[in-house]
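Every number in the numbering used here is 1100 more than the matching position in the sequence shown, counting from 1.
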Amino acid sequence: MRSIVLLILGSGGLAVGLTALAGGSGEDPDAVAPAMETPTAEPAPGTDDDGRGADGRGADTRQEARLDGGTDDDRVRSWRSRRNRYPAPDFTPDEWEPPAGPVRIALQAGHWRASEAPEELYGLRTGGTYAAGLAEWEVNLALAERTGDMLAELGYEVDILPAVVPPDYHAHLFIAIHADGAADPAARGFRVAAPGRDYTGRAQEMVDLLRDTYGEATGLRRLPDATRRMRNYYAFNVRRYEHSLDPRTIALILETGFLTSPSDREVIVDDPDRVARGIVEAVKAFPITALPAESAPPGPPAPDGPAAR
Ligand SMILES: [Zn+2]
C-alpha cells in the first residue's frame, strides 16, 4: 500500500508563505547541505556550497546574528558547534541490518510542502527550480506518485515523503527525487548520488544499478559526476538535523533531468512512466529490496528441494 507520511513539525516551523516554490535557476539548490566531513573540510561561509538553500546554515547564521550580533568568526564557530549535535550511529556497515517487516521504499518528492520546513531547515523554504510554467515540486511529486503506484502494485510498502523527512525516518531504501535547473536550456541529463557519508555501506551499489536502469528506461543523458550538493543532501545529514533519515536507511538522491531542458521535459514531464520504470527496475534488482522468490511461477519441486530432506 502507499501512504502519505504526515509531519509533526518541531518548534517554530509553521507560518511561512508560499513564495518558496518559485525558486531561481542554477544547479538544483535544494540539494545543498553543509559538509558532513571533518570540520577542516568545511567550506567557508559565503562560498557557493553554503549559500542559500537547503543547508539550514542561513538560519543558523541569521539566528546567531540576531542573538549576539557577533562577528563572522563567532558565527562560524557557532555554526560548527551545531554540526554534530546528534550522536553518530553506533554500528558499522558489517553490523548493518535492514528493518524488520515488509520491504519499505520511501520516495521523497523534492520541495513538496517545503514551506512547512522547520527552523533547522529554514533554507529549504526557498528552494527548487521553476521552468515552463512548472514548479519543480509538482514534477517531483508526479514522478514519486507514479513510481510509488508501480511499486505498490508489485507488493512494496511505499511512503511518499515531502521535502522535510520525519525525524529518524527508517526504511529499506530512500530515494530523493529532484529535477535540475540551469540558465542554459541546453543543459540536460540525469545524475544519481549516494550520501557523502553512507553509514550502511550499501548505497553505492544501488546508485550504480539505478544509473543503468534509469538511463536505459529514459534514454536521458547520464551526467558523469554527482555534485557535492547531492552527496551532502540535508536528509542524509543525521548528525546535524533532527529531520533526517535514520542512518540505517539506505539512501540516494536522483536528479531526474533538467526541468529547464525542453528535451528532458519530454521525459520527466510528458512521460513519467519511463522515469518510474527506471526507478522500479533498480529497486527490483537491488538485493536488499528485491522481490521475494516465491513470486516465481509454481512448478515441480526441485530434486534437492524440501521433498528430498
Ligand atoms: Zn530539487
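Backbone N, C-alpha and C define an ideal beta-carbon position, used for all residues, glycine too.
Continuous alpha helix (DSSP H) stretch holding residue i: start and end
i, result
"residue 1377", "1372-1385"
"residue 1257", "Not the alpha helix (DSSP H): residue 1257 falls in the beta strand (DSSP E), residues 1257-1261."
"residue 1280", "Counting along the chain, residue 1280 falls outside any alpha helix (DSSP H), though it belongs to the beta strand (DSSP E) covering 1273-1280."
"residue 1331", "1328-1331"
"residue 1216", "That residue, residue 1216, is in no alpha helix (DSSP H); it is neither H nor E in DSSP."
"residue 1388", "That residue, residue 1388, is in no alpha helix (DSSP H); it is neither H nor E in DSSP."
"residue 1367", "1362-1368"
Span of the beta strand (DSSP E), counted from its first residue to its last, around residue i
i, result
"residue 1248", "Where residue 1248 is concerned, there is no enclosing beta strand (DSSP E), although the alpha helix (DSSP H) it sits in stretches over 1236-1254."
"residue 1356", "1350-1358"
"residue 1291", "1291-1293"
"residue 1204", "1204-1209"
Closest by C-alpha distance to residue i, when choosing among the options
i, options, result
"residue 1314", "1375, 1283, 1281 and 1199", "1375"
"residue 1195", "1356, 1300 and 1246", "1300"
"residue 1192", "1270, 1266 and 1302", "1302"
"residue 1232", "1342, 1344, 1213 and 1366", "1366"
"residue 1383", "1228, 1361 and 1252", "1252"
"residue 1187", "1338, 1344, 1308 and 1228", "1338"
"residue 1197", "1273, 1286, 1262 and 1228", "1273"
"residue 1270", "1358, 1370, 1237 and 1343", "1343"
"residue 1189", "1323, 1236, 1265 and 1298", "1298"
"residue 1265", "1213, 1240 and 1325", "1213"
"residue 1234", "1386, 1370 and 1387", "1370"
"residue 1332", "1345, 1323 and 1321", "1345"
"residue 1239", "1373, 1250 and 1284", "1373"
"residue 1227", "1385, 1334 and 1386", "1334"
"residue 1323", "1287, 1306, 1340 and 1349", "1287"
"residue 1255", "1202, 1218 and 1267", "1202"
"residue 1285", "1358, 1260 and 1386", "1358"
Short CB-CB distance (under 8 Å) between residue i and chain B
i, result
"residue 1306", "No chain B appears in the structure shown, which is made up of a single protein chain."
Residue i burial status per 10 Å Cβ neighbour count (16 or more: buried)
i, result
"residue 1347", "buried"
"residue 1392", "exposed"
"residue 1389", "buried"
"residue 1200", "exposed"
"residue 1127", "In this prediction, residue 1127 scores a pLDDT of 47, lower than 50, which makes its location untrustworthy; no coordinate-derived value is stated."
"residue 1244", "buried"
"residue 1168", "Below a pLDDT of 50, predicted positions are generally treated as unreliable, and residue 1168, at 37, falls in that range; no measurement from the model is reported."
"residue 1364", "buried"
"residue 1248", "buried"
"residue 1317", "buried"
Identified DSSP bridge partners for residue i
i, result
"residue 1304", "Beta-bridge pairing links residue 1304 to no other residue."
"residue 1230", "1235"
"residue 1269", "1345"
"residue 1225", "Beta-bridge pairing links residue 1225 to no other residue."
"residue 1322", "1290"
Cβ pair count under 8 Å reaching 3, the stretch 1375-1391 against the stretch 1215-1228: no
Three or more beta-carbon pairs under 8 Å between the stretch 1202-1220 and the stretch 1276-1287, yes or no? yes
Taking contact to mean at least 3 C-beta pairs separated by less than 8 Å, is the stretch 1280-1297 in contact with the stretch 1349-1367? yes
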